[in-house]
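Data first, discussion second: the structure below is written as structure tokens.
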Amino acid sequence: MAVFLANSYLGAREAKIDRGDLQTQRIAVAAVPLAYGAEITPDRVRFVEFPTSSLPPGTFASLEELLPEGKKRHVLRPVTTNQPLIAADLTGEGEGASIAATLPDGMRAATVRINAVSGVAGFIQPNDTVDVLITRVPIDGAESQVTDVLLQNVRVIAMDQRAQENGQPAVSSTATLEVTPVDAQKLALGQQLGSLSLVLRKPGIDENIPVVETVSLRDLRYELSRAYERGTEPAPTARPTAQRVVRRQAPRRAAATPPPQPKVEITRGTNTSTYEVGDYDQ
Numbered sequence: 011m012a013v014f015l016a017n018s019y020l021g022a023r024e025a026k027i028d029r030g031d032l033q034t035q036r037i038a039v040a041a042v043p044l045a046y047g048a049e050i051t052p053d054r055v056r057f058v059e060f061p062t063s064s065l066p067p068g069t070f071a072s073l074e075e076l077l078p079e080g081k082k083r084h085v086l087r088p089v090t091t092n093q094p095l096i097a098a099d100l101t102g103e104g105e106g107a108s109i110a111a112t113l114p115d116g117m118r119a120a121t122v123r124i125n126a127v128s129g130v131a132g133f134i135q136p137n138d139t140v141d142v143l144i145t146r147v148p149i150d151g152a153e154s155q156v157t158d159v160l161l162q163n164v165r166v167i168a169m170d171q172r173a174q175e176n177g178q179p180a181v182s183s184t185a186t187l188e189v190t191p192v193d194a195q196k197l198a199l200g201q202q203l204g205s206l207s208l209v210l211r212k213p214g215i216d217e218n219i220p221v222v223e224t225v226s227l228r229d230l231r232y233e234l235s236r237a238y239e240r241g242t243e244p245a246p247t248a249r250p251t252a253q254r255v256v257r258r259q260a261p262r263r264a265a266a267t268p269p270p271q272p273k274v275e276i277t278r279g280t281n282t283s284t285y286e287v288g289d290y291d292q
């Protein structure tokens with residue numbers, strides 16, 4: 011049923027176009043794909059009839075309107091073949107392509123230092139969306155190090171001096187982000203207080219920004235981390251020592267003193283000798 015209705019609608023629309031009932035307007039479109047910064051030249055433009063009811067704002071009806079004599083325009087965003095050329099995607103008359111020209115009203119471009127790790131190994135491309143983390147030592151010294159989410163859902167304008175994504179990973183040393191004036195101040199202060207890291211996230215989920223919290227070493231839940239906070243190595247677990255049982259012995263009785271032996275004195279002439287009876291040997 012759905013296929014039948016769709017075919018009926020398209021058939022009626024084509025018939026309406028054939029009868030000339032559909033109002034159209036001649037506008038400029040891209041004849042070839044145009045990358046960021048490409049110059050608009052007559053050979054890169056062609057004109058088509060476009061339905062007036064679906065006409066986007068800022069289109070150009072003639073080459074003289076698009077490219078006034080002696081004035082150039084450049085592409086600020088990638089444009090595909092047959093895509094209408096509109097003023098929002100192009101520079102002003104005689105202006106060159108620049109990052110400033112692509113910024114929405116009220117936004118700023120702020121650059122932060124990154125490396126292979128904090129830049130997600132080079133997988134971040136211009137126009138990606140990231141969160142910005144800051145790792146620092148608290149001023150009160152209550153923790154050794156903590157990590158906070160500084161900014162969420164931030165658009166990447168450029169990596170190093172590359173403002174056009176090419177799909178190829180490339181390690182960069184700087185990232186330029188599109189932020190509000192207050193967020194630009196936060197980034198400047200954050201770079202002085204600690205190290206910043208970028209976290210790649212899925213774009214187009216502004217309404218689903220999760221609540222975040224501070225993460226410290228205690229949240230890692232490892233004994234080594236807790237010991238690091240104390241500044242000591244974890245103490246080894248002491249093994250229980252078996253107690254030595256000492257048995258008390260009864261005191262020994264002193265040996266009995268033998269009774270004195272009877273003695274005998276024998277006088278031979280002028281010599282007198284004393285003998286114990288038990289030791290006397292005939």
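For reference, each letter of the sequence shown is one residue, going 11 to 292 in our numbering.
For every residue, glycine included, the Cβ atom is placed at its ideal position computed from N, Cα and C.
This structure is a prediction, so every number in the text was calculated from the model and none was measured.
- Between the region 143–150 and the region 105–118, the count of Cβ pairs shorter than 8 Å is below three; the stretches do not touch.
- Here Arg146 carries a strand assignment [DSSP, helix/strand/coil].
- When only Cα atoms are considered, Gly68 and Gln202 end up about 43 Å apart.
- Here Ala180 has Gly132 as same chain residues with Cβ atoms under 6 Å from its own Cβ, once five neighbours each way along the sequence are excluded.
- In this structure, DSSP gives Ser63 a helical state, which the three-state scheme calls helix.
- When Cβ pairs closer than 8 Å are counted between the two stretches, the region 75–86 is seen not to touch the region 159–174, the count staying below three.
- Straight-line measurement puts the Cα of Ser63 at about 53 Å from the Cα of Val225.
- Classified as exposed, Thr284 has fewer than 16 neighbouring CB atoms from the shown chains inside 10 Å of its CB.
- Counting only residues of its own chain and dropping the five nearest sequence neighbours on each side, Asp193 has a CB closer than 6 Å to the CB of Leu161.
- One Cα belongs to Thr186, the other to Thr101, and the distance between them is close to 20 Å.
- Taking 8 Å as the cut-off, the Cβ atoms of Pro66 and Pro94 count as close.
- If you look at Ile109, you'll find it in the alpha helix (DSSP H) that goes 109–112.
- For the pair Pro213 and Thr139, the CB atoms are nearer than the 8 Å cut-off.
- With distances taken between CA atoms, Gly204 lies nearest to Ser154 out of Val189, Ser154, Val166, Lys273.
- Under the three-state reduction of DSSP, Gln202 is assigned to helix.
- Looking from the CA of Arg211, the closest CA among Asn92, Arg56, Val39, Asp141 belongs to Asp141.
- Inclusion of Ala71 and Ile50 in the CB contact set at 8 Å is not warranted, their separation being larger than that value.
- According to DSSP, Glu75 shares a beta bridge with no other residue.
- In the DSSP assignment, the residues bridged to Met169 are Arg172, Ala185.
- Here Lys273 carries a strand assignment [DSSP, helix/strand/coil].
- In the three-state reduction of the DSSP assignment, Asp193 falls in the helix class.
- The three-state reading of DSSP puts Arg54 in helix, counting H, G and I together.
- Spanning the alpha carbons of Val42 and Glu188 requires a straight line of approximately 29 Å.
- Beta-bridge partners of Val156 (DSSP): Arg146, Ser226.
- The bridge partners DSSP lists for Val130 come to none.
- One thing to note: Val55 has its Cβ within 8 Å of the Cβ of Leu73.
- Straight across, the Cα-Cα distance linking Glu105 with Val39 is about 20 Å.
- DSSP, reduced to helix, strand and coil, places Asp115 outside both helices and strands of the structure shown, so it counts as coil.
- Where Ile37 is concerned, the enclosing beta strand (DSSP E) starts and stops at 34–40.
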